[in-house]
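Undergrad:
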Amino acid sequence: MHLRIDPTRLTTPHEAVGDGHYDAVIVGSGLSGAIIAEQLCKEGKRVLMLEASPITNKSLRGYNEYVTNFFVSPSKDNQSPFPENPNAPMPRTPTLRKLQPGEVNTNSYIVQAGPYVSDSNYTRTLGGTTMHWEAKTPRMLPEDFKTRTLYDQGLDWPIGYDDIEPDYQRAEREMGVSGDVAALRYPGGSPYPKNYVYPMQGLPLSYLDHMVDRGIAGTSVELDGETIPLQVRPYPQARNGVPNAAYDGGKGYTPVGAVNTHQVDIGERCQGNTNCVPICPVQAKYWSGKTLAKVLRMNDELDKGEIKILPQAVASKVEINPENGHVSGIQVKVYKTPGSPEHETITVRGKIYVITTAAIETARLMLASGLPSSSGLVGRNFMDHAFILCWGLMPEICGTYRGSSCTGGILDLRNGPFRKNQAAFSVDIHNDGWGWATGSPYSDLTSLVDDGNLFGGPLRQGLVDRLSHQLLLAFMIDVPPSESNRITVDPQYTDALGNMRPNLSFTTPEYSMRGAAYARQFAKTVFSRLGVDDHTQYNPENYGYVVYEGVGYEIRGGNHLCGTHIMGTSKNNSVVDTNQRSWDHANLYLVGGGSMPSIGTANVSPTIAALCYRSARAMLKQLS
Amino acid sequence: MDSHDIATLESLEEHLFSAMVLEHATLPAYLTALYSIKPGTNQDASNILRVVAVEEMLHMTIAANLLNAIGGTVNLTQTGFVPSYPTYLPDSIDDFQIHIEAFTPSALETFLKIERPVYLGTVQQRVVKRRIPNHVWCLSPNKDGTTQYTTIGEFYNAIKESFIRLEAEAQAKGSTIFTGDPAFQITSEYYYSGGGKLFPVTNLDSAVQAIDLVIEQGEGYVDEDKPTGVFDQYGEIAHFYRFEQLRLGRYYVRGDKPGFPTGPAIEIDWDAVYLTVVDPKLADYPEGSELYQAALNFNIAYAQFLALLTEAYNGKRELMMRAAVPAMFDFRNLMNRLIRNPAPQQHGRHAAATFEIDATNAILGTAKA
Amino acid sequence: MHLRIDPTRLTTPHEAAGDGNYDAVIVGSGVSGAMIAEQLCKEGKRVLMLEAGPITSKSLRGYNDYVTNYFVSPGKDSQAPFPENPNAPMPRTPLLRKLQPGQVDSNTYMVQTGPYVTDTVYSRTLGGTTMHWQAKTPRMVPEDFKTRTLYDQGLDWPISYDDLEPDYQRAEREMGVSGDVTALRYPGGSPYPKDYVYPMKGMPPSYLDQMVNDGIEGTSVELDGQTIPLQVRPFPQARNGIPNEAYDGGKGYTPIGAVNTHQVDFGERCQGNTNCVPICPVQAKYWSGKTLAKVLRMNDEPDKGEIKILPQAVASKVEINPENGHVAGIQVKVYKNPDSPEHETITVRGKIYVITTAAIETARLLLASGLPSTSGLVGRNYIDHAYLFSWGLTPKICGAYRGTDCISGILDLRNGPFRKHQAAFSVDINNNGWSVATSSPYTDVTALVDDGNLFGSQLRRGLVDRVSRQLLFAFMIDVPANESNRVTVDPQYTDALGNMRPNLSFTTPEYSMRGAAYARQFAKTVFSRMGVIDYTQYSPSNFGYVVYEGEGYEIHGGCHLGGTHIMGTNKNNSVVDANQRSWDHANLYLAGGGSMPSIGTANITLTIAALCYRSTRAMLKQLSFETTTGATIHKTTGYHHGFSRHCDT
Amino acid sequence: MNKTEFYAKLSTPANDPASLALAAIQGDGEAGTYLRGVYDQFLAFSVEVTAFSRFDLEGTGQGEAYFATVIQVVGYEILEQLLDTFTSIINQTGGESTLVRNDLLRRRLFGNERLGPIARNIVKLWFTGNWYQLPRNWSEKFGPAPKDVTFTVSANAYVEGLLWTTIGAHPAGAKAQGYGSWANPPRIPEFGSDAVVR
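Chains as they are written, first to last, in my numbering: chain A, 1 to 624; chain L, 1001 to 1369; chain W, 2001 to 2649; chain F, 3001 to 3198.
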């Protein structure tokens, strides 16, 4: 696939300010920004897109530099491919530490006011967090949209699953999802329309998945009097696989490979690099550059619209016309180079404004602009999945460290009457061993050499014994919204450009901790069925350590940032309407996970993408 | 009908098998050049070599589809399927040899010759008489090998015409030459990539479409009414122009005229290459050494791979994905390992895979006996 | 051996308070109490011994009850054999927890004011801590007596090694030490007299010891520019082995077996029960009951003295005659039974008073009596060895869990010029696996079953892999005296009888931590020479967790309590003189580890025992002086010279 | 170039250590012969301690880079001492069983306070492509090495980590094994029979 961001598509501060003809100003080039730009341009609209980072890495070579950055980084954390940029900083896990009660950690970009420290992060670069997302694309369940009504927990959405279902299909086409609908009979019945298939066939389950399935298929657990049979099922994934001939009424599907400035044939099928997070080296995984490439191609077509991209442009303030409450412009700081805070401040204008900078940055921008909204809910109800990890050694060699990060999981506890009492969860079976929990395989190697005093043959045998048996279950636990989990800003904490940094106060709610405690027990049950040697250990020194009912757990963030500008039925109970349009500012759309009033047990990107189609229709209506 | 036309179904089958031999014969050369590039360097050249090699595999599979479509038998394990290097390929201007060698300027020139489009030459006749040593395999319309096709394009054109003629003859008799089992057709889902370039050959239309794809990907767009374009109708760039980008140091972009690319610059670091023994033989490596054993193991693995492919082309197409594709990824590692090892007593040159498949089979046969 | 504590040897509160004829009142029945009683009775003196615990377990059956208690205790800590007794409580490890800065843990008997929490324990029962001691009996090295002079660290003793040497020999005979003098060429030269041999031959090194030695013999480490060759050497042990015919100028030695109310032939040689701590099931290990048995036998001999033992008698206050500062009596709370605080308070009197209740209780009693001494040093300079463990799995099966807890160790770093900079240590090779560090093998079994999900033959294989290859080095690290490490009392913390409990403030000095950090490195070096897989892990939530130079360690106590009433050259720099006699109270002896101004890298019991011989000579001299001069130290009703015999045969 | 020049050039940041090492061991004359000998010893030692054949080690293409890395970080003298010790152990145990040799390697090399951490770091280099910072007590005792921080030798060193080969897997992000390959059991290469079951 051809992605050409040639100089004529990049604009300058001067030009951007002078051009009064933009239909839409979109802040951000991630998933939401790209899809909305594509939908608008397709209908002939002119779009100005602001991207906070430099756009130098637009070719395959640039992409490969990210891969190299990752290879040479000994820490290999999620953000390691992406260079430091003090003008548009991002959260990075290695800067975290445990907080003492009352302590505030201001060393990390997100000021963490505790009590819980979140290691969630997002990426401020072209492509946004789609650069390092895992690309698992389960849909939310119909019940997730009405948890208040059904389970007396969290908040109901103002729309139902059926309202969003067709948009899920659109998102799945755009992102190129491989999946097996038949394998995904969720508890509560299949949420798919009859005869629906994903664009591509499901990715094969890993050898490890099969081994786990052999151990648990046919067994069940009892929960709140309900018997829940267990099974390993494949996740749908936005990763290229084998096209499904039955897709689209038999029309089939053509995968979109790597994007580049010139032709390159790669990425049309996942090769199993086991590196979805932080970066897929062959671009078999969807990232928003693939959608942007389509938008850029439209520039050459007569009946299509046009996009201009302004790089190194950090939105600093949303300006409001006091008379009608409309947004009159967005103040932008455009810096010269990442190495220097030198910048000019401009104001760009369009008919509508779309902010797509993910839940934390969007709330940060609104709050920094003095716009907490009528309901006062901007920044509040921050949500992120709580992950707990359980790990051990399988009794036989299970071939860990091969295949995409996660191909299968246990989805049977995503829904059920038990959700009245405890949070539901989805279980990922990790193909990349204990890496997330312990820093494996490097930590194992160094401990076998330095502590185990092994070398030569015994070392090789030790590595096989220690690594090829690794199993890690990651429990993605539902976290209901809570107003006191929130993002704020504080003038004492700013970045290099003087923009206020986000401050986060967060506690994992008791409801989710109950789910976490059950998850630990569930893992023990599954481990005993598999004969797994349980190596799970939670370290009180870890920043995510939480004690619940006398037992310690490590809770990790899921990078599934939601809920800081939730949608609802009125300006008093929410920030945006069902089209993600601000109640207070009629020409402003806040698009992204922040609009979601609940996250259930689904990775949030497919839902965010689906919402974009809904919003784009409303925008087009408003513009016409 | 000329004497060198393909008159019978049997002859067409032989030609299609030759097509598989031909498409495969370039692979050892492309792969060796590709893996001789030191990792992390010459990314543009690597990408181009990789894409071309993958497409040669695709072409071989298309030839298998064509052969299977008319009920022929694919057998990659027969003696002579893998030529002995250096080997010859026809060219309109002069003969040239294909070597197994590292990525060097002369290797690049060879690659350009392999993929050189028809129109650039002054081809008037389909076959020529060349002096080619007896043991050397060549594209010949007749079994005795006295004459050879002038170019690869002419070879494929002959095949295309034969398909058209033989099918017309069969249709006239109320039958068809497309009698092969459709379940033997390899389609995209069984192949390495999901690009949708592999489709089943079940009738004349699909057969012609398949042959055109091979010609276009190799040499460029050959419609005689139009000047040959750098990009084909799908926006794909032909192999020749891909390699020419390396020679000219710049990428083609849409709208560029042949010879005048305007895209981003390409730089080649000719020093960032492991110089390998040219056309290596097992005999070049000390017998009993780890190196010798590894080179032999490679050949054994490759022979097994060809046997596996043969099975895949003969109805067990799920083997493509399950076994043949992982094997390809394995060869990358095995070849890399060989290439990074210096070859003793070879003037500082590095080792490489020898692709002596027939010889290996002979050794294995002896061992068994 | 016959140990008979028949009812006539036990006395009553009434009788004890009424009897004015005791030459000595000895508080405690442990190693010091027993040895001093033996030495005094041998010279015809009358002794009243107070024991805080009940004395029901005086027969072999009673001893075996302790063994049973241990077997059925899932915790299997050092005090597990000994029943809870709120009237005379003792420290117990399972109660400990990590302290936050400024926090005080008063849930344990010993109130821990931190910052460091010690798991050191002592036993308040007949036999004292000899009930659970490990019975390793290395001598202190001569340099340990003058560390201030030689290394500018800690305190010098007022006496030298040579002064104490003959008493070491006496103690070794009494305790029945098996050892191999030739194997013990300590750094700095052999401290033994020429031709000296131990009563019994050295214990054979364990298979594990030999395996460690194969890994290190012939290798060395570099420390402060000095090259120190390494070797595994057997420790001398107060445990019955093969008598050495060369002992005592060729007279040989007869081991003393189990003590009992009736004859039993048992315990004359160690069987390798691997349970020295907390209790040797066959009494092959010395405990003070063996000495007490001798004392009790003396009651039957006309020219020997007499002992009376008052059980369930908790010394509560040392009463002072304000005129001359002499001790006038000891107030004792005698309880009826351990379950009830009901008690009567009596005062017992003698010519001299000997307090042998180990460093913590002795200091506690003096401080509770309002007697901090002129120097103010009572309770101060509390010393205990800092133990650091390093553990791992040997590459081959090494047969852990066999043999005595520890037979051998690496003694090459007990002394050297490096002691100017960092603490010396002695390394124990533990034959009982990782138990002291991880509570193996129980934790291994539960981990393999509960976490490892193993059963059947895989479980058995897992146990062999995990348990039979366990190696643990216990580093016993020198801790110099430091006045701020101290025992205090606080009226808000009392026991069931209303006695104030000891409070402990303790930090491991930097000098010792430097030794600990080196010990950890040393372990890694030795492990890499042996190919041992290092499993050492220090848990930040452990009560003994200490961070030193950015690295965490777990420091454990050694139950080697020293320094709360140190001896010195005058009343201003010490509590007792070189004979363990109080500077302030002329008829008061404080005997035990508390008198030691340094502990070096030797288990302290042997040195404590040796000091007893020195002190009893002084006591006998003091008693005979009083007898010959007719001077009386104090008057009590019913006091009369001589004594009546209470023989029942 | 002789070893002094080689070491000096390695200290210049602009020079690529791997190419320098390659040039050094391919050099002419006595110096070249000498350095080739040291490099041969380095590989022989690496074969012994990784249980990968020399062919496998050279097959990573990282030998020169690792050789240069060790010299660059801790200097020449210590590497020579290590290799001489290794050679003397091998000479001493010619014909003896692996167990006997391993005992000596442990006692004299891995258990040597100065050489042990370096020997272990060479093992780790081959398996991960990472140089790991030496233990602090090592630097305190033998002097700090200015370049002694944890780093990945190069992107390709990461990719060529033998860790992955050992377990029949591949480094995350590279050397993918192909679509669906993860559904098959791993193929774990066999190696010498001297491995003991742990």
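All C-beta atoms in this analysis are idealised placements derived from N, C-alpha and C, irrespective of residue type, glycine included.
Counting only the same chain and skipping the five closest in sequence on each side, list residues whose C-beta sits under 6 Å from that of W391 (chain A).
TA: Closer than 6 Å at Cβ, skipping near neighbours: W434, A437, L472, H535 and T536.
Undergrad: Please classify W1270 (chain L) as buried or exposed, where buried requires at least 16 neighbouring CB atoms within 10 angstroms.
TA: So W1270 (chain L) counts as exposed.
Undergrad: What are the residues in the region 2520-2534 of chain W lying within 7 Å of chain A by C-beta distance?
TA: The residues in question are F2527, S2528, G2531, V2532, I2533 and D2534.
Undergrad: Determine which residues share a DSSP beta bridge with E2551 (chain W) and list them.
TA: Per DSSP, W:Y2548.
Undergrad: Which complete alpha helix (DSSP H) runs does the region 398-448 of chain A hold, if anything under 4 residues is left out?
TA: Runs found: 435-438 and 442-446.
Undergrad: Below 8 Å on the Cβ atoms is my contact criterion, and I expect R3107 (chain F) with T2219 (chain W) to pass it. Report the Cβ-Cβ distance as a whole number of Å.
TA: Indeed, because the Cβ distance is near 5 Å, the residues count as touching under 8 Å.
Undergrad: Just to confirm my understanding: we take L1022 (chain L), look at its own chain, exclude 5 residues before and 5 after, and list those with CB closer than 8 Å. What are they?
TA: Counting only Cβ-Cβ distances below 8 Å, and skipping sequence neighbours, we find L1089, L1139, I1152 and F1155.
Undergrad: Could you tell me which whole beta strand (DSSP E) segments of length 3 or greater appear in the region 190-226 of chain A?
TA: Runs found: 220-223.
Undergrad: Which same chain residues, not among the five before or five after M2669 (chain W), have their C-beta less than 8 Å away from its C-beta?
TA: Only positions 2001 to 2649 of chain W appear in the structure, and residue 2669 (chain W) is not among them; the question remains open.
Undergrad: I want to know whether the region 511-519 of chain A touches the region 477-487 of chain A - three or more CB-CB distances under 8 Å.
TA: Verdict: yes, contact present.
Undergrad: Flag D428 (chain A) as yes if its beta-carbon sits less than 9 Å from any beta-carbon of chain F, otherwise no.
TA: So, not an interface residue.
Undergrad: Just checking my contact of K2201 (chain W) with G2241 (chain W) at CB under 8 Å: how many whole Å lie between their CB atoms?
TA: Correct: roughly 6 Å between the Cβ atoms.
Undergrad: If you measure from the beta carbon of G1195 (chain L) to each beta carbon in chain A, is any gap under 9 Å?
TA: With a pLDDT of 45 at G1195 (chain L), under the threshold of 50, the modelled position of this residue cannot be trusted; read the value that follows with caution. G1195 (chain L) counts as touching chain A.
Undergrad: Looking at the strands, I want to know which residues DSSP matches up with P2502 (chain W).
TA: DSSP output for P2502 (chain W) lists W:V2489 as bridge partner(s).
Undergrad: Looking at the strands, I want to know which residues DSSP matches up with K146 (chain A).
TA: Partner(s): A:D156.
Undergrad: Flag this pair as yes or no: are the beta carbons of N64 (chain A) and S80 (chain A) separated by less than 9 Å?
TA: Not closer than 9 Å, so no.
Undergrad: For L1067 (chain L) versus T1073 (chain L), is the C-beta spacing smaller than 9 Å?
TA: The answer is yes: Cβ separation under 9 Å.
Undergrad: Against chain F, with Cβ distances strictly below 9 Å, would Y2538 (chain W) count as a contact?
TA: No, no contact with chain F.
Undergrad: Count the other CB atoms, across all protein chains shown, that sit within 10 Å of the CB of I1164 (chain L); report buried if there are 16 or more and exposed otherwise.
TA: Result: exposed.
Undergrad: For D2444 (chain W), decide whether its Cβ has a neighbour in chain A, counting only Cβ atoms nearer than 9 Å.
TA: Judged by the 9 Å Cβ criterion, D2444 (chain W) is not in contact with chain A.
Undergrad: Go through its chain and collect everything with a Cβ distance to A616 (chain A)'s Cβ below 6 Å, but skip five positions before and after it.
TA: For A616 (chain A), where only same-chain residues beyond five positions count, the Cβ hits under 6 Å are I36 and Q39.
Undergrad: Check whether the Cβ atoms of D3103 (chain F) and G2531 (chain W) lie closer than 9 Å to each other.
TA: It is a contact, given that the beta carbons lie within the stated cut-off.
Undergrad: Would you say Q2458 (chain W) reaches chain A, if we count a Cβ-Cβ gap shorter than 9 Å as a contact?
TA: For Q2458 (chain W), the answer is yes, since a Cβ of chain A falls inside 9 Å of its Cβ.
Undergrad: Count the other CB atoms, across all protein chains shown, that sit within 10 Å of the CB of G20 (chain A); report buried if there are 16 or more and exposed otherwise.
TA: Answer is exposed; the Cβ neighbour count stays below 16.
Undergrad: Would you list, in chain order, the members of the region 2216-2229 of chain W that have their beta-carbon closer than 7 Å to a beta-carbon of chain F?
TA: Hits within the stretch, in order: T2219, V2221 and E2222.
Undergrad: Compile a chain-ordered list of the residues in the region 1030-1063 of chain L whose CB is closer than 9 Å to at least one CB of chain F.
TA: Going along the region 1030-1063 of chain L in chain order, one finds K1038, P1039 and G1040 with a Cβ nearer than 9 Å to chain F.
Undergrad: Under DSSP, the alpha helix (DSSP H) around K1113 (chain L) begins and ends at which residues?
TA: It spans P1105 to I1114 - the alpha helix (DSSP H) in which K1113 (chain L) sits, taken as one unbroken run.
Undergrad: Would you say D432 (chain A) lies against chain F (beta-carbon separation less than 9 Å)?
TA: Cβ-Cβ to chain F under 9 Å: yes for D432 (chain A).
Undergrad: If the cut-off is 7 Å on Cβ atoms, which residues from the region 1288-1309 of chain L count as contacting chain F, listed in chain order?
TA: Residues E1290, L1291 and A1294.
Undergrad: Kindly identify the DSSP beta-bridge partner or partners of A2386 (chain W).
TA: According to DSSP, which records beta bridges pairwise, A2386 (chain W) is partnered with W:I2477 and W:G2557.
Undergrad: I'd like to know whether the C-beta of Q470 (chain A) is nearer than 9 Å to at least one C-beta of chain W.
TA: Closer than 9 Å: no.
Undergrad: Output, in chain order, the set of chain F residues within a Cβ distance shorter than 7 Å of P441 (chain A).
TA: Under the 7 Å cutoff, chain F gives L3163.
Undergrad: Mind checking whether the beta-carbon of L1291 (chain L) lies closer than 8 Å to any heavy atom of the ligand FAD?
TA: Questions concerning the ligand FAD fall outside what the structure shown contains, since it holds no ligand whatsoever.
Undergrad: How should D2162 (chain W) be labelled, buried or exposed, when 16 other C-beta atoms within 10 angstroms of its C-beta is the threshold for buried?
TA: With fewer than 16 other Cβ atoms within 10 Å, it is exposed.
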